[in-house]
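From first to last, the protein sequence lines stand for chains R and W.
Take the first sequence: its position 204, counted from the start at 1, is 204 in full-length UniProt numbering, and no numbers get skipped.
Take the second sequence: its position 104, counted from the start at 1, is 104 in full-length UniProt numbering, and no numbers get skipped.
In this text, a Cβ means the ideal position worked out from N, Cα and C, and glycines have one as well.
Note that the structure is a prediction, hence the values are computed from the model and not measured.
Okay, structure first, notes after.
Number of protein chains: 2
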Amino acid sequence: MLPGVNDVTTDTQAAQVARLYYVQGLTTDAIARELGLSRPKVSRLLSHARRTGLVEIRIHDPQAQPQSLEAQLRATYPFLTPHVIRVPPGSSESVWLERVSVAAATLLGQTLRAGQTVGLAWGTTLDAVSRHLTPRHVPDLEFVQLNGSASARDFMSGFVTDTVTRFAGNYGARAHLFPVPTFFDDPLTKQAMWRERSVRHVLELQERADVLVYSVGAADAKLPSHVYVAGYLDPADQQTLAEQGVAGDIATVFYRADGTFGGIPMNARSSGPDLSLIARASQSICVVSGLGKVGALRGALAGGLMRTLVVDEPTAHALLHGLPG
Amino acid sequence: MLPGVNDVTTDTQAAQVARLYYVQGLTTDAIARELGLSRPKVSRLLSHARRTGLVEIRIHDPQAQPQSLEAQLRATYPFLTPHVIRVPPGSSESVWLERVSVAAATLLGQTLRAGQTVGLAWGTTLDAVSRHLTPRHVPDLEFVQLNGSASARDFMSGFVTDTVTRFAGNYGARAHLFPVPTFFDDPLTKQAMWRERSVRHVLELQERADVLVYSVGAADAKLPSHVYVAGYLDPADQQTLAEQGVAGDIATVFYRADGTFGGIPMNARSSGPDLSLIARASQSICVVSGLGKVGALRGALAGGLMRTLVVDEPTAHALLHGLPG
DNA sequence: CCGTCCCTTGAACGTCTGTTCATAACGGCT
DNA sequence: AGCCGTTATGAACAGACGTTCAAGGGACGG
Chain R
1 MLPGVNDVTT DTQAAQVARL YYVQGLTTDA IARELGLSRP KVSRLLSHAR RTGLVEIRIH
61 DPQAQPQSLE AQLRATYPFL TPHVIRVPPG SSESVWLERV SVAAATLLGQ TLRAGQTVGL
121 AWGTTLDAVS RHLTPRHVPD LEFVQLNGSA SARDFMSGFV TDTVTRFAGN YGARAHLFPV
181 PTFFDDPLTK QAMWRERSVR HVLELQERAD VLVYSVGAAD AKLPSHVYVA GYLDPADQQT
241 LAEQGVAGDI ATVFYRADGT FGGIPMNARS SGPDLSLIAR ASQSICVVSG LGKVGALRGA
301 LAGGLMRTLV VDEPTAHALL HGLPG
Chain W
1 MLPGVNDVTT DTQAAQVARL YYVQGLTTDA IARELGLSRP KVSRLLSHAR RTGLVEIRIH
61 DPQAQPQSLE AQLRATYPFL TPHVIRVPPG SSESVWLERV SVAAATLLGQ TLRAGQTVGL
121 AWGTTLDAVS RHLTPRHVPD LEFVQLNGSA SARDFMSGFV TDTVTRFAGN YGARAHLFPV
181 PTFFDDPLTK QAMWRERSVR HVLELQERAD VLVYSVGAAD AKLPSHVYVA GYLDPADQQT
241 LAEQGVAGDI ATVFYRADGT FGGIPMNARS SGPDLSLIAR ASQSICVVSG LGKVGALRGA
301 LAGGLMRTLV VDEPTAHALL HGLPG
């Protein structure tokens, strides 16, 4: 059997084992005896069933406590469905990102429906999410990249492509890559490219996307957003952004602390979508982790730039009650 | 805490533990340390979360093998969605019923939607199903009994009421009982009762039911259908039915081996619904277990009297390929 | 204020489960 | 055919899990 090709015999047997285990409540031992298999084999089939998404486990939350961070977020931002992820006390930000991306991956798996188009940004956060997706086949699903990843200076070749491909592959979906530079040097070149049919096709897919998935970027995050460290912006660019009061970015399109984004020159050079696309989207999932992103997140929320937020508990707390100390 | 009243604190904590366990994949030990609880307490919360339906586990079946019994059933009865439940080789029919009712209870939990009305028959099979339901709150759900259970000879008082109440209680739904005799002695009495407003209310609910749940009855089942042993039918009645080629019943309304049910005098005395109600229903779940029910099941299938069937594997096999020996 | 009942708690136990590792079976290639 | 790399298998182990049970704590009534 080739890797990646799913064996229908194994899947059938795994489903049968999973039913006996999870529905009928038998032990692996009893299942092994009943089906004439060895117990380790049953255990392996069970792992297979879980890993390949053949078994889906969802948690139905009771209504949140009124004093919870989620309730406070809902009260402050009425358009928002927040998911605040608890982390172990005293843990590092890399643990927070791990927890948040696992939760976001699970949420995405429960959200996607057949026939939808999903707009996808890229970066450190979404890469982490992509590594925790539960495999599932969703018919007629399409992923479209929201901002370009082909940069003259992109020494981490494959990083972005891998992320998008991992999402698409996980759901048996088509991936539409966006092979343009993340930032153009000349806005006119961007305008010219935007008239190209191949680019227009991607832009149309972005327009009619049912679900958007992205994070917010911030220059001062402890785990820095990819775009700020990979050499996409030269020092002069970064200084210009700071002078204009830029608080963060979504898909390499910048916005200010109050959530506005008009009249920021750099955006004319960015390959990312106009943020009104983000604001208009009926379903948009924003995944955020790390105290360094608090400012960027507050700005995005002020601008109504997300409908669903997955965030770790310390970051959510800092957002609402300020940073400790 | 009063029994039956769910403690919101416990539920919240249980949901949190369940998320850490099932979504984040931590061990009970790690969860205990993180939340400052003892490991047994975490284990108990986890059980609580599963038992109360806070955690939902569903198995996504890969498409069935072409030579499987399910595929054969689908080919023979194109209107049917079959669920064939495997049982241990050499096991007794009571084990089959156990397996089938667990599977049926799980299926029902995945089927019901807010606002629906569910028509419910009663008997040995549905009683077994009622004992395996996963608790879940479904808003605005109503259960309505399909056939009467108040019989002058009903010495097993409470049996039927308990079944229906168990279903309703499990989903936080309202139960509409049907307090008329299972069989009237005089058809005219039935007609008179059918003009009563209380009865008409039940009949209207039956008419607009979204989902029907029932089994098929057969006189010769090894685990005999309740109606044939509880003294509802006297020997003369039973002989009359046999003479008219009756193959089985659904909610104490009889049909022949070819699935027709017109002109069976006994049905004029039965409190159950006209079988055209069953045939018309968009969703109808029939739960069948035991070789004795093969004939009754074959008749019901011939008449198109179900859309979904949950049946054990030996019974399904006997249906398609005849009884062994 | 004390006794009783009942529920909750966590240490300890025995079972169940995932994984490891040595061996066997398989399939491709020369 | 014969070799070799790869995959599948089940006995054995270590760890994780659910449950039991004796002790502790709170509510209620005497």
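Annotation for Gln24(W): no beta strand (DSSP E) segment contains it, and DSSP assigns it neither H nor E. Nearest C-alpha to Leu97(W) among Ser130(W), Asp249(W) and Leu120(W): Ser130(W). Nearest in C-alpha terms to Leu20(R), of all of Ile57(W), His48(W) and Pro40(W), is Ile57(W). Judged by DSSP in its simplified three-state form, Ser284(W) adopts strand. Exclusion of the five residues before and after His48(R) leaves Ala14 as the residues of its chain whose Cβ lies within less than 6 Å of its Cβ.
Leu133(R) is positioned such that its CB atom lies no closer than 8 Å to that of Thr163(R). In the structure shown, Glu196(W) adopts coil according to DSSP, grouped into three states. Listed along chain W is no residue with a C-beta nearer than 7 Å to that of Ile285(R); the closest approach is about 16 Å. By the Cβ test, the segment 278 to 289 of chain R is in contact with the segment 102 to 113 of chain R, since at least three Cβ pairs between them sit closer than 8 Å. When secondary structure is reduced to three states using DSSP, Ile278(W) falls in the helix class. Within the same chain, and ignoring the five residues on either side of Ala302(R) in sequence, the residues whose Cβ sits closer than 6 Å to its Cβ are Asp258 and Gly259. Around Arg280(W), the same chain offers no residue with a beta carbon nearer than 7 Å, after the five sequence neighbours per side are excluded. The C-alpha of Ala128(R) lies about 32 Å from the C-alpha of Val23(R). Chain R places a beta carbon closer than 8 Å to that of Ala103(W), counting this residue as a contact. Annotation note: the segment 38 to 89 of chain R contains the following uninterrupted alpha helix (DSSP H) runs of length 4 or greater, listed N- to C-terminal: 39 to 51 and 69 to 76. With a cutoff of 8 Å on beta-carbon distance, Gln206(R) and Leu146(R) are scored as near each other. Fewer than three Cβ pairs drawn from the segment 168 to 180 of chain R and the segment 243 to 258 of chain R lie within less than 8 Å of each other, which leaves the two stretches out of contact. DSSP, reduced to helix, strand and coil, places Gln244(R) outside both helices and strands of the structure shown, so it counts as coil.
Residue range Thr308 to Asp312 is occupied by the beta strand (DSSP E) that includes Leu309(W).
Residues Leu80 and Pro82 of the same chain have their beta carbon placed closer than 7 Å to that of Arg74(W), with the five preceding and five following residues left out of the count.
For Gln116(R), no alpha helix (DSSP H) segment is defined, and its DSSP state is neither H nor E. The beta carbon of Leu241(W) lies closer than 7 Å to those of Phe254 and Met266 in the same chain, with the five residues before and after it left out. Using a Cβ distance threshold of 8 Å, Gly290(R) and Glu93(R) count as a contacting pair.
Under the DSSP assignment, Leu212(W) falls in the beta strand (DSSP E) whose first and last residues are Val211 to Tyr214.
For Gly119(R), the CB contacts under 6 Å within the same chain, skipping 5 residues up- and downstream, are Val144, Leu146, Gln206, Ala209 and Leu212 in chain order. Of the candidates Ala114(R), Glu34(R), Arg197(R) and Ala251(R), Glu34(R) places its Cα closest to the Cα of Gly90(W). Just measuring C-alpha positions, the residue of Thr165(R), Asp186(R), Ala168(R) and Gly292(R) sitting nearest Gly217(R) is Gly292(R).
With distances taken between CA atoms, Pro139(R) lies nearest to Asn170(R) out of Asn170(R), Gly148(R) and Ala103(R).
Within the model, the alpha-carbon separation for Pro78(W) versus Leu37(R) is close to 34 Å. Taking a Cβ-Cβ threshold of 7 Å, the residues of chain R close to Ala15(W) are Ile59, Asp61 and Pro62, in chain order. Between the alpha carbons of Ile250(W) and Gly299(W) lies a gap of roughly 11 Å.
Listed by position along chain W, the residues whose Cβ is nearer than 8 Å to that of Glu313(R) form an empty set, because the closest Cβ is around 11 Å away. The contact set of Asp11(R) on chain W, defined by CB atoms closer than 7 Å, consists of Pro62 in chain order. When Ser215(R), Arg200(R) and Arg195(R) are compared, the shortest CA-CA separation from Ala121(R) is found for Ser215(R).
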